[in-house]
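Data first, discussion second: the structure below is written as structure tokens.
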Amino acid sequence: MSRVIQNSPKPLLAAHGLVKHFGSARVVNGVDLQCRSGEILGMLGANGAGKTTTLRLCYGFLQPDEGRVFIDGVEREKDPDGVNRLIGVCTQDDTFDTDFTVRDNLLWFGHYFRPRPTDIESRVRELLERFDLARYATAKPDTLSGGYRRRLMIARALVHQPKVLFLDEPTTGLDPQARMAVWELVDGLRNEGLGIVLTTHYMDEAERLSDNLLILKEGQVVSVGAPRTVLGDLVGEHVVVLDAKIPEAEMIESWLDKEGFGEPTRILNTWQFALDGAGLARFSATFGQLRFEVRPPNLDDLFLQLTDDDS
Amino acid sequence: MRLYLAMTAWQSWAVLRRHLTVYLRNWHTAALPPIFEPIILLLVFGVGLGSNIPDFDWKSQNVSYLAYLAPGILAYTVFMTAFFQALFAAYIRMHYQKTWDGQLTTQVRLEHVVWGEALWSASLGLAYAVIVLFVLLGFNLGGWLDLHWTGVIATLPLLFLAGVAFAALGLLFTAIVPTIDHMNIPFYLVIMPLGFASNTYFPLESDALLAQAWLMINPLHHLAEGVRLLLLSGVWSFHLIMAVFLFLLMIAILLPVDLRLLRRRVLGEN
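So the protein lines, in turn, are chains W and P. If you use my numbering, the first sequence corresponds to residues 32 to 342, in order. If you use my numbering, the second sequence corresponds to residues 7 to 276, in order.
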């Protein structure tokens, strides 16, 4: 996917020290994040890590107990209307207006913004064409397939030409073809200079789309940066994969424990664990007679590690 | 104060406009109940049942049951229309259609959604009341009724205010009922008794202290009696002032409670 626009130095979205409680639970605990023009920030974490709540604090659905959110330099608390004019939101669930057609959903959304979007009719036509929705313009949204519903949700979030787009699990439940179509659209929006904040459960989606990753665990940021950096920080340099049924399994387990690499993750009949360069050299020297595979870490490893830690 | 000021915000009126647009698209079916319900009620109860009820003394004047019933239907229409919109229709938009969630991703905030729903419910209540007034005019022209029309236009703002207050009551239940099936509980335990024990369909006159106290604090009673005195005698009564006071009190108390409960329900806030 080609990149046209270079990152600008000033963040379009900046959040500092976000804290949110639900009852006595501190679900977001001091989160800082930022996203620049032409950048996609992928927010990852296990279920309950605080991704959606953090996103909701940023787009104003929830009010933080502590912390500040700035959009294009404007503080949300001081000018919520001004900030909401600058952002577009595509929620996890479909929230279009089922009383209106596809076209009227886009048109009507424009009524909820001031200053009003200029030349709304041609903007809607443009979005219908771009998101391949023109042939469904007079259909009710609930008659569309899952992929086209997501297109409509994203198109609707763009009616007023926002600068920052929030996408909360935009491809959940879609088939691979529909997911890739959404990826193409999101990539195109990034190339036009939108700052995009994305939460997803799909590791391949986060890996392909994100310029930066923000990893949340129990409401806190555990790592942030380019995907390779984050993986190196949290997972390790190499992942070793081997058959879990081998007789040496117990020996390997105690070796990992002794070396301080923790327990291996079991996936069906395989074991996998992350090692740094020196650790891999020592493992090879100790268990060189075994058949094993070494591969670079990916976000699946990270996700498994996060959820393993939770359990 | 921010909540009350939100009534004048463009966002609240944008929400109202959305509901109006949807309603007008279905006007040909949606207009049937407000037109035919008062006609049927007046014919069945006023003319039919009323023919078996001799004229009776009400506030020192002799009235037929049809004449007594007509203003009651007007008050009852505003009450039920506004309440139902704010209960069932708003609940469906909030829970099933997720219309509120969509609106909340824009410059519209929850206080605007609440005001939009209340203003829309009141507007529809007022529109239905105007239709009822036209039906009453028809009965008047047909010689079945002899109503005083002077000052009736001036009651329209009061009917609108009543609609806002009853919508605020409806939104309270929207905020707290666990599922749509549970709406039977407030409907049959609160709304139906309130609707009928209010001098709408029959005179509720008792010297018992409890009944007197109930009527004194019941805004629907004051609305029905105030409008009835105006339509039957052309008299501006104490009931109209009490109705204004009680409706304002309801709005002042209920809307902040609605917002707080809906914040918890819709946003998950504490």
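By construction, the Cβ of each residue, glycine as well, lies at the ideal position given by its N, Cα and C atoms. It should be emphasised that the depicted structure is a prediction, and the values quoted were computed from it without experimental measurement.
Any C-beta of chain W under 8 Å from that of residue i
i	result
P:Asp152	no
P:Trp33	no
P:Arg24	yes
P:Trp16	yes
P:Val119	no
P:Met7	no
P:Leu38	no
Neighbouring residues, chain P, relative to residue i (Cβ below 8 Å)
i	result
W:Asp112	Gln113
W:Gly54	Asn276
Close Cβ partners of residue i (< 7 Å) along its chain, the five nearest in sequence each way excluded
i	result
P:Ala73	Leu151 and Leu238
P:Val69	Asp61, Phe62 and Leu238
P:Ala133	none
W:Lys51	Val58, Val59, Thr84, Leu88, Leu93, Pro95 and Asp96
P:Thr180	Ala92, Leu93, Ala96, Tyr97 and Met100
W:Asn136	Phe127, Asp128, Pro172, Leu183 and Arg187
Under 7 Å from the C-beta of residue i: neighbouring residues of chain P
i	result
W:Thr122	Asp107 and Thr111
Partners in chain W for residue i, counting only beta-carbon separations shorter than 8 Å
i	result
P:Ala20	His142 and Tyr143
P:Leu273	Phe92 and Leu93
Contacting residues, own chain, Cβ-Cβ under 6 Å from residue i (five flanking each side not counted)
i	result
W:Thr169	Thr132
W:Phe197	Leu86, Tyr90, Val120 and Val228
P:Leu125	Leu22
P:Arg8	none
W:Leu49	Val59, Val62, Leu88, Pro95 and Gly98
W:Arg326	Val270
P:Met13	Trp121
P:Asn146	Leu153
Interface partners of residue i on chain W, CB under 9 Å
i	result
P:Trp126	Near P:Trp126 there are no residues of chain W at all, since even the closest Cβ is about 13 Å away, more than 9 Å.
P:Val28	Asp128, Asp130 and Phe131
Per-residue contacts from residue i into chain W (C-beta, under 7 Å)
i	result
P:Gln103	Thr129
Sequence-distant residues of its chain with Cβ nearer than 8 Å to residue i (five each side left out)
i	result
W:Gln37	Its pLDDT being 48, under 50, W:Gln37 is placed unreliably in this model, and the value from its coordinates should be taken loosely. Once the five neighbours on either side are set aside, the close Cβ partners of W:Gln37 are Gly69.
W:Glu324	Val271, Val272 and Leu273
W:Arg145	Asp112 and Arg116
W:Asp206	Gly177 and Gly178
W:Pro201	Cys121, Arg181, Met184, Ile185, Val213, Val217, Leu229 and Thr231
W:Glu106	Arg99, Val100 and Val114
P:Leu278	No answer is possible for residue 278 of chain P: it lies beyond the span of chain P, which begins at 7 and ends at 276.
P:Leu47	Leu75 and Ile79
Min CB distance residue i to chain P below 8 Å
i	result
W:Thr1	In the structure displayed, chain W extends from 32 to 342; residue 1 of chain W sits before or after that span and is not available.
W:Met234	no
Proximity test, Cβ basis, 8 Å: residue i and chain C
i	result
W:Trp139	In the structure shown, chain C cannot be found, because the protein chains are W and P.
Amino acids of chain P, ordered along the chain, whose beta-carbon sits closer than 9 Å to that of residue i
i	result
W:Asn115	Thr111, Thr112, Gln113, Val114 and Arg115
Residue i Cβ short of 7 Å to the ligand HEM heavy atom set
i	result
P:Gln17	Summarising the ligand content, the structure contains no ligands, and the ligand HEM is consequently not present.
> Taking the runs of the alpha helix (DSSP H) that are 4 residues or longer, which of them lie wholly in the stretch 158-225 of chain W?
Replying inline: 177-188 and 207-222
>> In chain order, what are the residue ranges of uninterrupted alpha helix (DSSP H) at least 4 long that sit wholly in the stretch 42-104 of chain W?
In response: Listed in chain order, they are 82-90.
> Relative to chain P, which residues along the stretch 70-93 of chain W have a C-beta separation below 9 Å, given in chain order?
Replying inline: Thr84, Arg87, Tyr90, Gly91, Phe92 and Leu93
>> Just to confirm the assignment: which complete alpha helix (DSSP H) runs, minimum length 4, are found wholly within the stretch 165-210 of chain P?
In response: 198-202
>> Extract the residue ranges of the alpha helix (DSSP H) inside the stretch 116-157 of chain P, only unbroken runs of 4 or more that lie entirely within it.
In response: 116-147
> Which runs of the beta strand (DSSP E) spanning at least 3 residues fall entirely within the stretch 241-310 of chain W, listed in chain order?
Replying inline: Taking 3 residues as the minimum length, the beta strand (DSSP E) runs contained wholly in the stretch 241-310 of chain W are 243-248, 251-256, 269-274, 296-298 and 301-306, in order along the chain.
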